[in-house]
Amino acid sequence: MLPVRAVILDLDDTLFDDTACTHAGLAALAAEHDIRHWTPECLFARHAEHIRAIDPLLFRGEVDAHGARVLRMTRLLTDLEVPNPDGETATRTYRSAYRAAWALLEGAVDLLHELQARGLRTAVLTNYVRQVQLEKLTHFGLDKLVDVTLCIEDVPAPKPDIRAYHAACTALGVVPAETVMVGDSWENDVEGARRAGLRAVWINRQGRPAPCPAVTQVSALANVTSLLG
1 MLPVRAVILD
11 LDDTLFDDTA
21 CTHAGLAALA
31 AEHDIRHWTP
41 ECLFARHAEH
51 IRAIDPLLFR
61 GEVDAHGARV
71 LRMTRLLTDL
81 EVPNPDGETA
91 TRTYRSAYRA
101 AWALLEGAVD
111 LLHELQARGL
121 RTAVLTNYVR
131 QVQLEKLTHF
141 GLDKLVDVTL
151 CIEDVPAPKP
161 DIRAYHAACT
171 ALGVVPAETV
181 MVGDSWENDV
191 EGARRAGLRA
201 VWINRQGRPA
211 PCPAVTQVSA
221 LANVTSLLG
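Structure representation (structure tokens):
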């Protein structure tokens, strides 16, 4: 087995706490419209369905990031049976609360500093648009702690397509066998990476059963570097 020379990291819910921010945005939206008959979990799930439906439009350039948000909020409020939904106003409400809740997950900065100290090459590989993801990275200074950032526009296909991981390896100047992928998504950060010839570390904060027990998993980012040899 070749020694590890590079680490590729997912962004949302690996380094950046996107789930908590999304819940904050949806809670503000629900309060503004006095929505009581939807639990936070159901609201989050329905919101996620609209993201999955609208993201292809964003990725094809048919709408920009703001337009995608307005469309998503309009469809979500329609689901919630809000009369005459105003997607622009809802987007401002949601985005203000989402932005106010921005936070990194515990250990994110320390992990990146440790990887730098070890002389490892690092990349962020994310399945979302550069405009949105770079705003998060620069806000927290993470852009200065990684060598390469690859967003949806920068790869031939998104994770879990093997070409995404190979593009990241090429950008880092390493081969897959020298590279570890770290992330919270089993499909996007573990299965896809392993098919591409990388090693993988699954961030499993909820203690979910591992589909493949042989895969290395940790409950916190602080435990990642001890696994890299």
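Numbering (the numbering used here), first residue to last: 1 to 229.
Backbone N, C-alpha and C fix where the C-beta goes; we use that ideal spot for every residue, glycine too.
Considered as a whole, the region 111-185 harbours 130-140, 162-172 as its complete alpha helix (DSSP H) runs of no fewer than 4 residues, in chain order. Under DSSP, Phe16 takes part in a beta bridge, and its partners are Asp12, Leu104. A residue is called buried when at least 16 other Cβ atoms come within 10 angstroms of its Cβ; Lys159 meets this threshold and is buried. No residue range can be given for Thr225, since it is assigned to no beta strand (DSSP E) and is classified by DSSP as neither H nor E. Contact between Leu15 and Ala100 does not hold, since the beta-carbon distance rounds to 19 Å and is not under 8 Å.
When Ala48, Gly87, Glu81 are compared, the shortest CA-CA separation from His66 is found for Gly87.
When C-alpha distances from Ser185 are compared across Val175, Thr179, Ala200, Cys42, the shortest belongs to Ala200.
Collapsing the DSSP output to three states places Arg195 in a helix. A distance below 9 Å separates the beta carbons of Tyr165 and Ala196. Just so you know, the alpha carbons of Glu106 and Val180 end up roughly 20 Å apart. In the three-state DSSP reduction, Ile203 falls in the strand class (E or B). Here the alpha carbon of Val124 sits roughly 16 Å from the alpha carbon of Val4. If the five residues before and after Leu150 are omitted, its C-beta is found closer than 8 Å to the C-beta atoms of Ala123, Val124, Leu125, Thr126, Ala164, Ala167, Ala168, Ala171, all from its own chain and listed in chain order.
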